[in-house]
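J.: Residue numbers (our numbering): 1 to 102.
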Amino acid sequence: LTTGITPSDPQRKEGIVTQPMQTATPVLTVTTQSKSNDIGIITLIGDYVEGGMNHGRKYFKKVQKIKGHEDIQVFLYYWDTRDGADFGGWWFGDALGGTQVW
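#1: Express the C-alpha separation of S36 and N54 in angstroms, rounding to a whole number.
#2: Which residues does DSSP pair with L28 in a beta bridge?
#3: Report the partner residues of L76 according to the DSSP bridge assignment.
#4: Applying the criterion that 16 or more other CB atoms from any shown protein chain within 10 Å of the CB defines a buried residue, is L28 buried or exposed?
#5: Straight-line CA distance for G40 to L76?
#6: Please state whether the Cβ-Cβ distance between K61 and Y48 is less than 8 Å.
#7: Under 7 Å Cβ to Cβ from Q64, same chain only, skipping five residues before and after it: list those, please.
#8: CB-CB under 8 Å to T31, same chain, minus the five flanking residues each way: which ones, in chain order?
#9: Compare the Cα-Cα distances from T81 to each of Y59, D71, I42, G97 and report the closest residue.
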């Protein structure tokens, strides 16, 4: 596992590098043409800001809260193939490398 971070770095957690959010200006917007009110769709659509780096790529955090689920955070992040090819790629999840992904 090569992360470029020493084990004593307080921002290191299981190969994930977190850095403070660098901008409050949304850098991407997730939209849909669906007319569905499905909670899965509602969870993902919105504006995202840069949050730092994960597996050598920028990750993004959703700005808006989800009505009725204000405690849920949504991230768009890249996961490399260190856990197998099926896990590599871009993911929406409630945490970087978390078990809840959409």
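A virtual CB, placed ideally from N, CA and C, is assigned to each residue, including glycine.
T.: Let me spell this out:
#1: Translated into positions along the sequence shown, residue 54 becomes position 54. Translated into positions along the sequence shown, residue 36 becomes position 36. Cα to Cα, the separation comes out at about 32 Å.
#2: For this step, residue 28 is matched to residue 28 along the sequence shown. Beta-bridge pairing links L28 to Y48.
#3: If you number the sequence shown from 1, residue 76 lands on position 76. In the DSSP assignment, L76 forms a beta bridge with F60, F92.
#4: The residue labelled residue 28 in the question sits at position 28 within the sequence shown. Of the residues assessed, L28 falls on the exposed side of the cut-off, its CB having fewer than 16 other CB atoms within 10 angstroms.
#5: Within the sequence shown, the letter at position 40 stands for residue 40. Within the sequence shown, the letter at position 76 stands for residue 76. Going from the Cα of G40 to the Cα of L76 covers about 14 Å.
#6: The residue given as residue 61 occupies position 61 in the sequence shown. The residue given as residue 48 occupies position 48 in the sequence shown. Judged by beta-carbon spacing, Y48 lies within the 8 Å limit of K61, meaning their Cβ atoms are closer than that value.
#7: Position 64 of the sequence shown, counted from the first residue, corresponds to residue 64. Closer than 7 Å at the Cβ level, and outside the excluded window around Q64, lie G46, D47.
#8: As a first step, residue 31 is located in the sequence shown; it is residue number 31 there, counting from the start. Closer than 8 Å at the Cβ level, and outside the excluded window around T31, lie I45.
#9: Along the sequence shown, read from residue 1 onward, the residue named residue 81 stands at position 81. Per the C-alpha coordinates, the member of Y59, D71, I42, G97 positioned closest to T81 is G97.
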